[in-house]
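I have placed the structure first, in the form of structure tokens, so that the comments after it can refer back to it.
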Amino acid sequence: MGYRVVVAGATGNVGREMLNILAEREFPIDEITALASRKSLGTEVSFGDKTLKTKDLDTFDFEGWDIALFAIGSDATKIYAPRAAAAGCVVIDNSSLYRYDPEVPLVVPEVNPEAVEDYRNKMIIANPNCSTAQMVVALKPLHDRARIKRVVVSTYQSVSGAGKAGIDELWDQTKGLYVPGQEVAPSKFTKQIAFNVIPHIDVFMEDGTTKEEWKMVAETKKILDPKVRVTATCVRVPVFVGHSESINIEFEEFLDEDEARDILREAPGILVVDKREPGGYITPIESVGEYATYISRIRQDSTIENGINLWCVSDNLRKGAALNAVQIAETLGNRVLKKG
Ligand SMILES: NC(=O)c1ccc[n+]([C@@H]2O[C@H](COP(=O)([O-])OP(=O)(O)OC[C@H]3O[C@@H](n4cnc5c(N)ncnc54)[C@H](OP(=O)(O)O)[C@@H]3O)[C@@H](O)[C@H]2O)c1
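At position 265 of the sequence shown the residue is numbered 265 (UniProt numbering), and the sequence of numbers has no breaks.
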């Protein structure tokens with residue numbers, strides 16, 4: 001016997017990937033339904049070799065459904081997640097709405113799988129921000145060995161992190177630059193994203209950081225360890241899919257770069273590609289459609305006593321969202337629900 005699974009936001013970037021990954025990983029499903037807004041009613045989406053027609057989330061009855069994977073943004077989640085939870089359906093949510101609620105577990109299965117059991121508090125489990133998910137996968141095995149004191153991270157985040165509208169804007173703006181009269185003004189992003197980079201994601205906070213940067217700090221503490229100090233600079237770059245991060249880590253104990261490389265090679269969810277030669281590292285385009293968090297450029301930081309630098313790349317629609325959500329569903333299934 002398998003699960004009755006709902007995918008809400010099935011017409012979006014993350015929703016489509018969730019359907020692909022559920023099929024690829026053969027998640028034990030008895031019945032699946034794809035939901036989106038009323039305007040997408042009847043839109044066809046793929047689930048393995050099947051085609052599903054999307055239904056209207058607003059009129060959907062969650063009674064009798066086991067798990068709902070949500071990728072619909074915070075505003076809609078606020079309305080529909082409580083509705084699903086009240087009907088006894090566990091929500092695994094990609095929005096930021098519940099991530100900082102102390103009663104809602106925020107889970108990356110390679111790091112804190114045991115936290116799924118707290119789903120009982122509200123029948124909701126939160127999926128982290130895309131930049132946080134890949135970073136904590138890389139930090140966890142190193143933290144277990146040498147205790148991380150402080151992390152300085154700079155991100156290079158693809159436009160798909162801003163939804164379908166982000167992808168369209170980069171595409172249209174790039175084409176428009178070649179056709180006189182068809183220039184596309186910034187709309188989803190604050191400045192031109194084609195052939196440019198923008199050091200601003202989400203809203204500004206009072207202290208001058210952005211909300212995206214704040215999320216990386218708060219989420220790393222909640223998932224990995226509240227004692228780890230993190231400072232982040234988040235930057236949008238003209239890449240369609242795949243987030244990259246330059247991560248500087250300061251440890252309590254000395255960790256040699258070769259040992260760090262060996263630890264990361266053995267760690268779950270990670271593939272180390274680290275040859276010190278031209279092309280001996282991973283770039284975002286190579287991470288597209290893959291499950292792994294790739295680590296390259298592992299090297300000692302000789303400016304501090306116990307420091308390591310590394311380069312971390314992953315498909316933000318997969319480990320950063322859809323894959324992590326499906327892994328949470330698998331963890332919940334294996335540890336708690338035990339069907340299938
Ligand atoms: N992209 C990433 O890297 C990433 C990573 C982590 C988390 N997330 C989060 O995942 C969520 C979805 O992101 P995305 O990139 O997939 O966005 P997207 O491509 O813009 O898709 C949004 C989806 O939500 C649906 N939706 C929006 N408002 C709705 C409503 N009121 N009722 C029903 N359906 C509604 C849309 O349906 P229609 O097509 O019918 O409008 C669409 O299926 C967001 O919360 C985002 O923050 C994204």
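Positions of the beta carbon are idealized from the N, C-alpha and C atoms, including for glycine.
Since Ala84 is in the beta strand (DSSP E), which residue starts that stretch and which ends it?
On the sequence shown, residue 84 is found 84 positions in, with the first residue counted as 1. Element bounds for Ala84: not the beta strand (DSSP E) but the alpha helix (DSSP H), 74-86.
Does the stretch 293-300 come into contact with the stretch 265-284, if we say contact requires no fewer than three beta-carbon pairs (one atom in each stretch) closer than 8 angstroms?
yes
Taking the straight line between their C-alpha atoms, what separation do you get for Leu177 and Asp207?
On the sequence shown, residue 177 is found 177 positions in, with the first residue counted as 1. On the sequence shown, residue 207 is found 207 positions in, with the first residue counted as 1. If I take the Cα positions, the gap works out to 36 angstroms.
Other residues of its chain near Gly73: CB distance less than 6 angstroms, five sequence neighbours each side excluded:
As a first step, residue 73 must be located in the sequence shown, where it is residue number 73. Only Ser95 meet the Cβ criterion.
Phe204: which of Thr190, Val197, Arg38 sits nearest, CA to CA?
One-based indexing of the sequence shown puts residue 204 at position 204. Checked all of Thr190, Val197, Arg38; the closest Cα to Phe204 is Thr190.
Nearest-angstrom Cα separation, counted from Asp202 out to residue 374
With the chain running from 1 to 340 in the structure shown, residue 374 is simply not present.
Minimum length 4: unbroken alpha helix (DSSP H) runs contained in the stretch 85-163:
130-146
Does the distance from the C-beta atom of His243 to that of Ser160 stay below 7 angstroms?
One-based indexing of the sequence shown puts residue 243 at position 243. One-based indexing of the sequence shown puts residue 160 at position 160. Their beta carbons are not under 7 angstroms apart, which means His243 does not touch Ser160 by this criterion.
Across the stretch 313-332 and the stretch 12-20, are there enough close Cβ pairs to call them in contact, namely three or more that are closer than 8 angstroms?
yes
Report whether the distance from the Cβ of Leu97 to the nearest heavy atom of ligand 1 is below 6 angstroms.
As a first step, residue 97 is located in the sequence shown; it is residue number 97 there, counting from the start. No, ligand 1 has no heavy atom inside 6 angstroms of this Cβ.
Alpha carbon to alpha carbon, what distance is there between Leu41 and Ala133?
Translated into positions along the sequence shown, residue 133 becomes position 133. Translated into positions along the sequence shown, residue 41 becomes position 41. Rounded to whole angstroms, Ala133 to Leu41 spans 32 angstroms at the Cα level.
Can you grab the Cα-Cα spacing for the pair Val14 / Glu250, in whole Å?
On the sequence shown, residue 14 is found 14 positions in, with the first residue counted as 1. On the sequence shown, residue 250 is found 250 positions in, with the first residue counted as 1. For Val14 and Glu250, the distance between alpha carbons rounds to 33 angstroms.
Considering Gly307, what are the terminal residues of the beta strand (DSSP E) in which it resides?
On the sequence shown, residue 307 is found 307 positions in, with the first residue counted as 1. Run containing Gly307: 307-314, per the beta strand (DSSP E) assignment.
Start and end of the beta strand (DSSP E) containing Leu177?
On the sequence shown, residue 177 is found 177 positions in, with the first residue counted as 1. Leu177 -> no beta strand (DSSP E), and no H or E assigned at all.
Start and end of the alpha helix (DSSP H) containing Asn13?
Here residue 13 corresponds to residue number 13 of the sequence shown, with the count starting at 1. Where Asn13 is concerned, the enclosing alpha helix (DSSP H) stretches over 13-24.
Can you find a heavy atom of ligand 1 that lies under 6 angstroms from the Cβ of Lys78?
Locating residue 78 in the sequence shown gives position 78, where the first residue counts as 1. The answer is no for Lys78.
Can you grab the Cα-Cα spacing for the pair Phe291 / Val5, in whole Å?
Locating residue 291 in the sequence shown gives position 291, where the first residue counts as 1. Locating residue 5 in the sequence shown gives position 5, where the first residue counts as 1. Looking at the sequence provided, one finds Tyr at residue 291 rather than Phe. Cα-Cα distance, rounded: 21 angstroms.
Starting from Gln327 and walking both ways along the alpha helix (DSSP H), at which residues does that stretch end?
As a first step, residue 327 must be located in the sequence shown, where it is residue number 327. Note, Gln327: alpha helix (DSSP H), 323-332.
Reducing DSSP to helix, strand and coil, say where Ile282 ends up.
To locate residue 282, count along the sequence shown from 1; it is residue 282. Coil, per DSSP.
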